[in-house]
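Using the numbering used here, you'd call the opening residue of the sequence shown number -16 and step up by one each time.
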Amino acid sequence: MESFRIGVDIGGTFTDIVFLGDKGTVLIKKVASTPQDYSNSVIQGISEGIKELNINSSDITEINHGFTVATNAILEGKGERIALITTKGFRDVLEIARLRTPRLYDLYYQKPTPIVERRLRFEIDERVNFKGEILKDLDYNSLKLITKNIQSEKIQSVAICLLHSYANSKHELEISNFLKSHIPNINLSVSSEILPEMREYERTSTTVINAYIRPVVKDYLENLNNQLANLGFKVPLTIMQSNGGLSPVNLAIEKPIFCIESGPAAGVVGAFHLGNHIGTENFMTFDMGGTTAKASIIENGEMLLAPEYEVGGGMSAGHRLLKGSGYMLRVPSIDIAEVSSGGGSIAWIDKAEALQIGPQSSGADPGPACYDKGGNNPTVTDANVILGYLNPKNLLGGNFLINSSKAQKIISENISAPLGISEIESAWGIHILVNSNMGRALRAVSSERGRDPRKFTLVAFGGGGPIHATGIAESLGITKILIPPSPGVFSAFGLLFANVEYHLVKTYFNPLSNLKLKEANGVLDKLISQGKELLISEGFNSLQQEIIIQLDMKYIGQTSELTIRMPDQSFTIESINKIQEIYMNEHDKTFGYRVDEPMQLVNIRIIARGISSESRVPDKINSSNKINQSKNDNKRKVYFGQNIGWINTNIVDRLFLNKKPHKGPIIIEEYDSTTIVPPNWNASLDSMNNIILEKTN
């Protein structure tokens, strides 16, 4: 009997579920997301897949999950009402923040409202210095009063963040133990456990967000776990982290802060492992879903991680570059730029009679007008139907009927009539404008970081990625595109390709030139031991472990640092010389210059990665999902812009490309996505069934 692994990725519009069998069988399920309770769509899709494959729950060996519950709680302000306990004199750290503004001359800029009400930010008399020395003992009388106030306010989630607790966590742990003994079932987020790093604002903000989303994530994951158990599943649920590694569900419940970007991370992880499998090192990823589009970089075979980012600020592009717009999270995350442009993004006319796209989205319900579920706003998907890019009758292999005349009517009334232009001009305008918006995300991770996008292969996935890939690639000068198998659910595949990872960090603030080698190696060895013990607890022996060491560094006098990979497994005089050279090269790549000045070591990081004994990426992916297509549907008229106009275009499936490369224009229809191959592009299939698009002269 064939055993299966399941990957589940929840998006704003659809929930994607992939069944991957150990004998190569693949089944894809794409069901409408259920925002009122996302677990409903997960259980629906898994149940349908089990029935369709005619297997039992005992045949499932793994369930990996990426979700948006934490993100939605922040964006919608639906987290738990929380309290903060902090050192006397520091209750307003969240208000003061870093005095950054995302746009220098924005006269209407408003700081994000702190998640904790000021009256629920409690100060306690205690003090520890940066060396970890206790200057003032914890005042238990203050703690008793704070505990009574928390009880009277019926607070069930508390963040504890004291000054310099990264150097000595004694007082934080005393507060934690006291609260646990006096308030049963209280949720506690302790900064020395969440983020043992210097910088009180980043540590406080990160700990507070963890406390804010923890009850919501806990309820969701425990509910989903219980439903899976009721269906007879014995395997534990595993969660994708923002850093691209998998973690046990109990860690995701305790520290949901590490899983906020789990959905977007999964697609990049999929591209990373796919690149390793086919021997390509430089990718730019483009993931277009129903609500947003995301971009990231894989350079020299490595995913780029950002040590911090912001959420909930409403920024439309490059949110890791524009600081001050949202809530600061100091957790490692795959470096992703995101724009509010997706298939469901709404097109509208502003007061200056100019066409705009988003950030509002039609979402899963009611969805685009062509879904015929009550949507009355023109969307990107409606425009793509009018242009002939999408099947005018149905999607999802014939299982999802659409109403193309409704799309025409809505765009005509809302865009064409006000602007005095035709439906085709309106639809083409929507298409090229959303391409321009999404191109900003790709520029944010490439040219704005000193990287030439023309040197990268674009990997396009998500339901809308393959439709818009060539238009965006041309605007960036990219000449090669890779469309992976089942691109519409590729993030769910990424969940199945990922490895278990633990990311550990410890502040070690010392000048590199005067580094005490024995002391520094002691800190490093302790982190490595912790990482190895965690991997052993997950069943990975010493031969299945990979330890990656990273250093946060800066020039002395700078206020921010860069993260580099340590070339050796310990600090030696020789390795310090290598570290200096690596840092100067990274500084030059990021900021455009390098100087031979004294450097400061700030944090030591390790990534403890569990490596499976067998490859988690299959040699070839063949979906069992079929498309119900009649002979009369093998051609349709497709619009390729004002210079080319309409062309009667062949409609084919992916395997049609097996015989030989084909010149555009062609449309490649699949169960979960559609790939547009315009004139002046060629399409072929590689050994893994990836579609390769190449620009011709």
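Where is the CB? At the ideal position from N, CA and C, for every residue including glycine. Remember, it's a predicted structure, so these values are computed and weren't measured experimentally.
Would you check whether the ligand SAM has a heavy atom nearer than 7 Å to the C-beta of residue i?
i	result
L518	In terms of ligand content, the structure shown is empty, and the ligand SAM therefore cannot be addressed.
Using 8 Å for Cβ pairs, my map puts residue i next to residue j. What's the rounded Cβ distance?
i	j	result
V218	I43	6 Å
V635	I651	6 Å
Y310	S188	6 Å
F492	R599	In fact, because the Cβ distance is near 38 Å, the residues do not count as touching under 8 Å.
I68	I117	So it is not a contact: roughly 17 Å between Cβ atoms.
I519	I589	15 Å between Cβ atoms; not a contact.
E180	Y149	6 Å
R186	C242	Incorrect: roughly 19 Å between the Cβ atoms, too far for contact.
P198	E63	4 Å
I319	E244	7 Å
G327	T274	6 Å
Are the CB atoms of residue j and residue i within a distance shorter than 8 Å?
i	j	result
F142	S172	Reading off the sequence, residue 142 comes out as Ala, not Phe. Going by C-beta atoms, A142 is nearer than 8 Å to S172.
N665	K643	no
A352	I407	no
Y354	I329	no
I(-7)	A66	no
V506	N586	no
I464	A456	yes
S474	G246	yes
I196	I57	yes
K238	N193	yes
P601	G(-10)	no
I236	M286	no
G(-5)	G346	yes
Q583	I539	yes
G250	G284	no
On the DSSP letters alone, give me the boundaries of the alpha helix (DSSP H) that residue i sits inside.
i	result
Y203	E183 to N213
R426	E406 to V428
D363	It is worth fixing the name first, because residue 363 is Val in this sequence and not Asp. First-last of the alpha helix (DSSP H) with V363: V363 to I369.
T453	G448 to L459
Y292	Not the alpha helix (DSSP H): Y292 falls in the beta strand (DSSP E), residues Y292 to V294.
Which residues mark the beginning and the end of the beta strand (DSSP E) in which residue i is found?
i	result
M582	M582 to G593
N568	From DSSP, N568 is part of no beta strand (DSSP E) but of the alpha helix (DSSP H) over I556 to F574.
S496	Segment: none, S496 is in no beta strand (DSSP E) and carries neither H nor E.
A15	T8 to A15
L465	K463 to I466
L517	Careful: L517 lies outside any beta strand (DSSP E), inside the alpha helix (DSSP H) at L500 to S520.
L312	Y310 to L312
A320	I319 to V322
I630	W629 to V635
T546	L545 to R548
Could you give the distance in angstroms between the alpha-carbon of residue i and the alpha-carbon of residue j?
i	j	result
V191	A53	13 Å
N672	G253	15 Å
I594	N226	16 Å
I46	L220	5 Å
F269	L128	52 Å
L373	G447	10 Å
L304	P315	Below a pLDDT of 50, predicted positions are generally treated as unreliable, and L304, at 46, falls in that range; no measurement from the model is reported.
R81	Y184	8 Å
Q134	L156	19 Å
E564	L234	37 Å
Q541	L204	41 Å
L478	E484	13 Å
E521	I177	20 Å
N568	M549	13 Å
D365	M271	15 Å
N680	V14	41 Å
I32	R(-12)	The amino acid at residue 32 is misidentified as Ile; the sequence shows Gly. Each residue's Cα considered, the two are about 12 Å apart.
L146	S230	29 Å
L517	V232	14 Å
S175	G575	35 Å
R110	L441	52 Å
E723	L211	No statement about residue 723 is possible, as the shown extent of the chain runs from -16 to 680 and does not include it.
D655	G4	19 Å
M267	R426	10 Å
Pull the bridge partners of residue i from the DSSP assignment, please.
i	result
C144	T69
T490	N586
L229	M223 and V483
Q528	G593
Y123	BP columns for Y123 are empty, so no partner.
E244	Looking at the DSSP assignment, E244 forms no beta bridge with any residue, so it has no partner.
T658	I651
L118	Bridge partners of L118: none, in fact.
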